[in-house]
Amino acid sequence: MSEAIVSLRGVTKNYTRGKQKIEVLQPLDLSISQGDFLALMGPSGSGKTTLLNLIGGLDQPSSGEVNVGGQRIDQLSSRALAQWRSHHVGFVFQFYNLLGVLSAEKNVELPLLLTSLSKAQRAKHVATALEIVGLADRAKHKPSELSGGQAQRVAIARALVADPTLLVCDEPTGDLDRKTADEILGLLQTLNREHGKTIVMVTHDPKAAEYATHQLHMDKGSLIEQSANT
Amino acid sequence: MASSLQQVISVTAMNIRSIPSRLGTSFVIVIGIAGVVGVMVALLSMAKGFELTLASTGRADRAIIMRGGSNDELSSVLVREQAQVVLDAPSVAKGADGKPLAIGELFMITDVAKRGATTPNNVVVRGTTTRVFELRPEAKIVEGRMFTPGLREVVAGRSAQRQFAGLNIGDKVDVRDGPWTVVGVFDSKGDVHESEIWVDVDALMTASRRGAYNTVTAQLTSADAFQGFKDALTSDPRVTIQAQREPEYYASRSETLNKMITVLGYSVAVIMGIGALFGALNTMYAAVATRSVEIATLRAIGFGNGPVVISVILESLVLATAGGILGGALAYVFFNGYTVSTLNMQTFSQVAFQFRVTPDLLWKGVIWACSIGLIGGLFPSIRAARLPIVDALRSS
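Protein sequences, first through last, are from chains A and B.
Counting from 1, position 229 in the first sequence corresponds to residue 229 in full-length UniProt numbering; the numbering is continuous, with no gaps.
Counting from 1, position 96 in the second sequence corresponds to residue 96 in full-length UniProt numbering; the numbering is continuous, with no gaps.
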């Protein structure tokens, strides 16, 4: 069995709305191995996006421990957590979240602005990332000039350009048609299989989940089933 | 980790490049602040013009001598014997004729209507001599001729002639005891004398039935000779008089009006500035709200809160500076050099002057604009940085 790259122990997440306390995540243990492609499934409100945000360091648990890449991140300050994310996590969002005023290559370059790479080195990395996602010829295009599938490929290139420990994808095909969704999922599968990227993906789509190596079902803030795809 | 500076530059560049997609709201800041700065600079340029007109009057090597305790020319009286003591004082330069270059002058007020108006305004009548152009070489006849000694003739300052009716050559003006004829126009490089009319001092004394001067203006051998000249006069037991360098005297005459216009200028600027500040706050809050997902995405990627705060403030400053420059430019185009006249409450006479939009006023305008921009950007930027990333991302 591969080494666990993500490990959660007794993690809970609560919100307070007025006087009401809402338990989004029940005490939860989870381990994700290096090289896994995990699909987080479950109905709306089951806590899967909250879990993804905790793994990606976008949010902090109410209690419990979150270890990613050998580092405990649940106690990091906001500033330290931002630095940690820049090194260890690549994000892919449902609506791509590309910056409209920047070209594809400038969008992809953003995470590299947080590194000490030179301009030439950054350009080389950007070109490689766009090559991997098959959009080398669209480098100069603005997001508004790209199709949904192409925009999501640019977002994936942005997520992997800094070679993060983990790719965190929140409904990456939720805004795409079936054919394009399959292309994106195929791309993620390739990144997992051929480049060894560990991927955690939230999805509602059972077909999308079939591209993953593992599936994890949640309901009412608890893990209810974990299975490996054959 | 790359420097925060690089993050600031990247995020700011992105913000500024996105301004064209938010032109309408961005213009709220630019136009609002341009209005504030334009009005403020215009008002202050009025005070500055008035101040410069009076401050440009006179030379350091000329002295104005008044009765001891007098605040201004109007309230001073020097009898002929006292004036002679001044003429005989050491350090008074000699004129081309070998006589002391100093003139006893009368300072009176007469009523003249402004062009296009009927209400009378106080205009200074200075009784002097034909040697005045030797004493004040900055003044020159530019139209007509000098008055003839002993006759009821007038030469009008160019500013006075432009501002007031009935001061063209050949016109009659009621100086004292009947009409006097305008025979010439003089230019004194825009100083306060240009708002005056000059007549022969002896003719004026006769017409006004006065036997004493108001002041004596003396050309000294040098600017450095002033202290000795002053000491000699103030220690002379025959006279109780005071001497001031001309620039100091005329600068002091602008203090009250200057202060009033400056207070008015800043008061208006503060009131308008508060309005513009709310406009800037509103715009920047809207700008931040519009880009909350973009900002959250950058923060998710790893950009720090500090660069986000600074970049929003810088965007606000860029817009505010543009507004400041626009407002200053408008004030310059529409007001610089614009000539008006107003009552100098310290001499009860009209002084014509030009609005002066000087570099220091433009700089003040830009500083004012930046202050509004800074505060207008600060609070929205803090909100942008404090909004939880997951909440902001959810809004997409």
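Quick reminder that beta carbons are idealized off the backbone N, C-alpha and C, glycines included.
- Pairing A352/B with S75/B gives a Cβ-Cβ distance that is not under 7 Å.
- Using a C-beta cut-off of 8 Å, the segment 52-69 of chain A makes no contact with the segment 94-104 of chain A, since fewer than three inter-stretch Cβ pairs fall below that distance.
- Interface annotation for the segment 30-58 of chain B against chain A: empty, criterion Cβ-Cβ distance under 7 Å.
- With contacts defined as CB atoms closer than 7 Å, V192/B and L343/B fail to qualify as a contacting pair.
- Around the beta carbon of A223/B, fewer than 16 other beta carbons sit within 10 angstroms, so the residue counts as exposed.
- A distance of 7 Å or more separates the beta carbons of A93/B and R245/B.
- T130/B and L106/B have their alpha carbons spaced roughly 14 Å apart.
- Chain-order list of chain B residues neighbouring P111/A: I301, G302, by C-beta distance under 9 Å.
- Secondary structure of V357/B (DSSP, three-state): coil.
- Contacts between V390/B and chain A, judged by CB atoms closer than 9 Å, involve T49, T50, N53, L58, D59 in chain order.
- The beta carbon of S395/B sits closer than 7 Å to the beta carbons of S292, V293 from its chain, once the five residues preceding and following it are set aside; these are given in chain order.
- DSSP places E73/B in the coil class of the three-state scheme, outside both helix and strand.
- When CB distances to chain B are screened at a threshold of 8 Å, not a single residue of the segment 129-144 of chain A falls below it.
- For V8/B, there are no neighbours in chain A by C-beta distance under 9 Å, as the nearest C-beta there is about 11 Å away.
- A distance below 6 Å between beta-carbons, with the five flanking residues on each side excluded, links G377/B to the following residues of its chain, in chain order: M284, V312, I313, S316.
- When C-beta distances to chain A are compared with 7 Å, every residue of the segment 263-275 of chain B stays at or above that value.
- Using beta-carbon distances, S86/A counts as an interface residue toward chain B, with a partner under 7 Å.
- Residue contact check for E315/B against chain A: no CB pair falls below 7 Å.
- Residue range 305-335 is occupied by the alpha helix (DSSP H) that includes I310/B.
- Here DSSP, grouped into helix, strand and coil, assigns D391/B to helix.
- For K172/B, the uninterrupted beta strand (DSSP E) segment begins and ends at 172-174.
- Chain B places a beta carbon closer than 7 Å to that of V101/A, counting this residue as a contact.
- The segment 155-208 of chain A is shown to contain whole alpha helix (DSSP H) runs of 4 or more residues at 178-195, in chain order.
- Counted as a single uninterrupted DSSP element, the beta strand (DSSP E) harbouring L28/A occupies residues 20-33.
- Residues of chain B whose Cβ lies closer than 7 Å to the Cβ of A80/A do not exist, since the nearest Cβ in that chain is about 10 Å away.
- By the Cβ rule, the segment 167-177 of chain A does not count as touching the segment 117-134 of chain A, because fewer than three pairs are nearer than 8 Å.
- Among the residues facing chain A, R17/B is included, as its CB has a counterpart in that chain under 7 Å away.
- Considered as a whole, the segment 113-137 of chain A harbours 119-132 as its complete alpha helix (DSSP H) runs of no fewer than 4 residues, in chain order.
- C-alpha of E194/B to C-alpha of K48/B: approximately 17 Å in a straight line.
- Judged by DSSP secondary structure, F133/B falls within the alpha helix (DSSP H) whose first and last residues are 132-135.
- Under DSSP, W84/A forms no beta bridge with any residue.
- Counting the other Cβ atoms within 10 Å of the Cβ of R138/A gives 16 or more, which makes it buried.
- Assigned with DSSP and collapsed to three states, Q94/A falls in coil, not helix or strand.
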